[in-house]
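Some notes on the structure that comes next.
Protein chains: 2
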Amino acid sequence: MARPSEGGKKERILDSAVVEIAQRGYHQTTVARIAKRAGVADGTIYLYFKNKEEILFSLFDRAMGRFIEEGRTRLQNAASAPEKLRQIIELHLTLVGEDRDQAIIIQVELRHSLHFMGQLSRAQVGEYLDIIGQVVVQGQEDGEFRTDLAPVFAAKAIFGVLDEMATDWVLSHRNTRLESKAGVVAEFVLAGLKK
Amino acid sequence: MARPSEGGKKERILDSAVVEIAQRGYHQTTVARIAKRAGVADGTIYLYFKNKEEILFSLFDRAMGRFIEEGRTRLQNAASAPEKLRQIIELHLTLVGEDRDQAIIIQVELRHSLHFMGQLSRAQVGEYLDIIGQVVVQGQEDGEFRTDLAPVFAAKAIFGVLDEMATDWVLSHRNTRLESKAGVVAEFVLAGLKK
DNA sequence: TTCGGAAAAATGAATGGTCATTCAGTATTT
DNA sequence: AAATACTGAATGACCATTCATTTTTCCGAA
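This is how it looks when you write it as structure tokens:
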């Protein structure tokens, strides 16, 4: 029968890490603090993670997984490229805006070092950009989007806008909802893409 | 009479910091290494900087200073809002693309922690965004840009695109010139803004 | 022009605090 | 009673920062 902590311990550690790291930053966060919040011993962390940095990697995986999975799902409920783009934009801002601590991790703490970012960007960020890029391709094939912009470029540009909105939201202490920006972002981006 | 190192020692320390931090990241870079590269003793660093973090702040100031100063200059040589925007875009990408080590600092290492970024963004980044925003305002007043986008939003969106191009360039190890993207960026952004 | 010594600048070895990580031992599950 | 999971005190490496000492600069007096 489901022991209460079974399998959930790793998740609990990750959840604790989000809170602690969001509050004090990765480098000020000690493994001991994460352990304490998770209600486990310091050493237990190392049964689940090779080292402290791997906790960050796991947080990234978990977050990107959601983006990609939900992104793919949403695209199936939209036909036209502009509509798909709207969906992606809304999803992106909704997911980031859902949880401020998590957003701090994604927008700030995961971008620590060149070494670290290099690894991240190759992996799932590339996949995410691909998804956006393919929507652009569709839009071009359907004759809705201009064809003088390379899809790869367009994808990065769109991501750049979304990322900036997200970072700005995290840094500003206002109490707005991030996804309220989805409308304007879509209008700006679509105007830039349309024929 | 001009002592040879007068005033130049602080600059030398900053230059060394750029190289070292770009190579190994801020947290892996020891004060001792920076000192060694600059050809001074460890303790000398503390005659010029309160602590290690202040070196990062100084690097940021130095970089942003260039952006803002040159930005203002360029705007005087351009009349129309679209032309001004082109100038800013080209300048931004040129300045970042000029020096890879410096770019690593700007795009990655300066974004270490929430605490750190919070301080940065209020200060000069805000000033930079203002400059862009004012060009948007002009474009709207001149009847060249649509008026349904808030200038503050537009400025962030434009910055987001530029920032993403810059980060992408830093992370990719390709040997392209960053400013070669200026044309497409301008076309995309202007299409998004124009009536 | 030179000298002396005070002020300023620079040095770098020593200090102290901080954690990530380990692992011998304990508890729990099968 | 073996295997598995967990514990947390101890270890050891690391490095920012300090400060007693040394070196260099400055400048007035001779």
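Taken in sequence, the protein lines are chains A and B.
Take 1 as the starting number for the first sequence in our numbering and just add one per residue.
Take 1001 as the starting number for the second sequence in our numbering and just add one per residue.
Glycine is no exception: its CB is placed at the ideal position from the N, C-alpha and C atoms.
What do you reckon, are the CB atoms on Glu-70(A) and Leu-91(A) nearer than 8 Å? Working through the first sequence from its first residue, we reach residue 70(A) at position 70. Working through the first sequence from its first residue, we reach residue 91(A) at position 91. Yes, these two residues count as a Cβ contact at 8 Å.
Hey, is Ala-32(A)'s beta-carbon within less than 8 Å of any beta-carbon in chain B? For this step, residue 32(A) is matched to residue 32 along the first sequence. Not one chain B Cβ lies under 8 Å of Ala-32(A).
Closest Cβ-Cβ distance between Gly-1018(B) and chain A: below 8 Å? Residue 1018(B) sits at position 18 when you count from the first residue of the second sequence. Per the sequence shown, the amino acid found at residue 1018(B) is Val instead of Gly. No, Val-1018(B) lies away from the interface with chain A (no Cβ there is under 8 Å from its Cβ).
Short check: CB of Glu-179(A) to CB of Leu-93(A), under 8 Å? Residue numbering aside, residue 179(A) sits at position 179 when the first sequence is read from its first letter. Residue numbering aside, residue 93(A) sits at position 93 when the first sequence is read from its first letter. Yes, Cβ-Cβ distance for Glu-179(A) and Leu-93(A) is below 8 Å.
Assigned secondary structure, Lys-181(A) (DSSP; H/G/I helix, E/B strand, else coil): Indexing the first sequence from 1 puts residue 181(A) at position 181. Lys-181(A) falls in the helix class under three-state DSSP.
Taking 8 Å as the threshold (C-beta atoms), are Val-185(A) and Lys-89(A) in contact? Looking up residue 89(A) in the first sequence gives position 89. Looking up residue 185(A) in the first sequence gives position 185. According to the sequence displayed, residue 89(A) carries Ile and not Lys. For Ile-89(A) and Val-185(A), yes; Cβs fall inside 8 Å.
By DSSP, does Lys-194(A) sit in helix, in strand, or in coil? Looking up residue 194(A) in the first sequence gives position 194. Reduced to three states, the DSSP call for Lys-194(A) is strand.
Within its chain, find whatever has a CB closer than 7 Å to the CB of Ala-2(A); leave out the 5 residues flanking it on each side and keep chain order. The residue labelled residue 2(A) in the question sits at position 2 within the first sequence. Caution is warranted here: a pLDDT of 28 is assigned to Ala-2(A), below 50, making its placement in the model unreliable, and no coordinate value can be reported.
Whole-angstrom distance between Gly-183(A) and Arg-177(A), CA atom to CA atom: Counting from 1 along the first sequence, the entry for residue 177(A) is found at position 177. Counting from 1 along the first sequence, the entry for residue 183(A) is found at position 183. Going by the C-alpha atoms only, they are around 12 Å apart.
Exposed or buried, which one is Glu-164(A) when buried takes at least 16 other CB atoms within 10 Å? Your numbering for residue 164(A) matches position 164 in the first sequence. Looking at its Cβ environment, which holds 16 or more other Cβ atoms inside 10 Å, Glu-164(A) is buried.
Whole-number beta carbon distance between Arg-37(A) and Ser-16(A), since they are thought to touch under 8 Å: Reading the first sequence from its first residue, position 16 is the one you call residue 16(A). Reading the first sequence from its first residue, position 37 is the one you call residue 37(A). Confirmed, about 4 Å.
For chain A, check one thing: does any of its Cβ atoms lie closer than 8 Å to the Cβ of Asp-1101(B)? Position 101 of the second sequence holds residue 1101(B). So no, Asp-1101(B) is outside the interface.
Assign Val-111(A) to buried or exposed, taking buried as 16 or more other Cβ atoms, counted over all protein chains shown, within 10 Å of its Cβ. Against the first sequence, residue 111(A) aligns to sequence position 111. With the sequence shown as reference, residue 111(A) is identified as Arg, and Val is not the correct amino acid for it. Buried, by the Cβ-count rule.
Is there at least one Cβ from chain B nearer than 8 Å to Arg-111(A)'s Cβ? Taking the first residue of the first sequence as position 1, residue 111(A) is located at position 111. True, the Cβ-Cβ gap to chain B drops below 8 Å.
At the level of alpha carbons, what is the spacing between Ala-1157(B) and Asp-42(A)? To locate residue 1157(B), count along the second sequence from 1; it is residue 157. To locate residue 42(A), count along the first sequence from 1; it is residue 42. Each residue's alpha carbon lies about 43 Å from the other.
Counting only the same chain and skipping the five closest in sequence on each side, list residues whose C-beta sits under 7 Å from that of Val-18(A). Taking the first residue of the first sequence as position 1, residue 18(A) is located at position 18. If we look at Val-18(A) and ignore the five residues flanking it on each side, its Cβ neighbours are Leu-59, Asp-101, Gln-102, Ile-105.
Between Val-1184(B) and chain A, is the shortest Cβ-Cβ distance under 8 Å, so that the two count as touching? Walking along the second sequence from the start, residue 1184(B) turns up at place 184. So, interface residue.
Would you give the residue range spanned by the alpha helix (DSSP H) that Thr-73(A) belongs to? In the first sequence, the residue the question calls residue 73(A) occupies position 73. Start and end: 52-76.
Is the Cβ of Leu-1095(B) closer than 8 Å to any Cβ of chain A? Within the second sequence, residue 1095(B) is the residue found at index 95, counting from 1. It does not: the Cβ of Leu-1095(B) has no partner Cβ on chain A nearer than 8 Å.
Euclidean distance between Cα positions of Lys-1010(B) and Glu-1127(B): Residue mapping note: residue 1010(B) aligns to position 10 of the second sequence, counting from 1. Residue mapping note: residue 1127(B) aligns to position 127 of the second sequence, counting from 1. When rounded, the distance between both Cα atoms is 25 Å.
Out of curiosity, what's the CA-to-CA distance linking Gln-124(A) and Ser-1172(B)? Along the first sequence, one-based indexing puts residue 124(A) at 124. Along the second sequence, one-based indexing puts residue 1172(B) at 172. Gln-124(A) and Ser-1172(B): Cα-Cα distance of roughly 15 Å.
Which listed residue (Val-40(A), Gly-8(A), Ala-155(A)) has its alpha carbon closest to that of Leu-193(A): If you number the first sequence from 1, residue 193(A) lands on position 193. Considering only alpha carbons, the answer is Ala-155(A).
State the Cα-Cα distance for the pair Pro-82(A) and Ile-131(A), rounded to the nearest angstrom. Sequence index remark: in the first sequence, residue 82(A) carries index 82 (1-based). Sequence index remark: in the first sequence, residue 131(A) carries index 131 (1-based). So the alpha carbons of these two residues sit roughly 14 Å apart.
Can you list, in chain order, the residues of the region 1021-1046 of chain B whose Cβ is nearer than 7 Å to any Cβ on chain A? Gly-1025, His-1027
Given a cut-off of 8 Å, decide if Tyr-46(A) and Ile-13(A) are closer than it, judged by their beta-carbon atoms. Sequence index remark: in the first sequence, residue 13(A) carries index 13 (1-based). Sequence index remark: in the first sequence, residue 46(A) carries index 46 (1-based). Contact flag unset, no.
Against chain B, with Cβ distances strictly below 8 Å, would Leu-171(A) count as a contact? Taking the first sequence and counting its residues from 1, the one referred to as residue 171(A) is at position 171. Yes, because at least one Cβ of chain B sits closer than 8 Å to the Cβ of Leu-171(A).
Taking only the alpha-carbon atoms, compute the straight-line gap between Gln-119(A) and Arg-1074(B) and give it to the nearest angstrom. The residue labelled residue 119(A) in the question sits at position 119 within the first sequence. The residue labelled residue 1074(B) in the question sits at position 74 within the second sequence. About 37 Å.
For Gln-138(A), count neighbouring C-beta atoms within 10 Å of its own C-beta (all shown protein chains included) and say buried if the count is 16 or more, exposed if not. Counting from 1 along the first sequence, the entry for residue 138(A) is found at position 138. Buried, since its Cβ has 16 or more Cβ neighbours within 10 Å.
Consider the Cβ of His-92(A): report whether some Cβ of chain B lies at a distance smaller than 8 Å. Locating residue 92(A) in the first sequence gives position 92, counting from the first residue. No - not a single Cβ of chain B is within 8 Å of the one on His-92(A).
Exposed or buried, Gly-160(A), counting other C-beta atoms within 10 Å across all chains shown (16 or more means buried)? Within the first sequence, residue 160(A) is the residue found at index 160, counting from 1. Classification of Gly-160(A): buried, given that the 10 Å Cβ count is 16 or more.
What residues in its chain sit with their C-beta under 7 Å from that of Lys-1181(B), if we drop five residues either side in the sequence? The residue you call residue 1181(B) lines up with position 181 of the second sequence. The answer, listed in chain order, is Leu-1093, Met-1165.
Using a beta-carbon distance cut-off of less than 9 Å, what residues from the region 126-140 of chain A approach chain B? none
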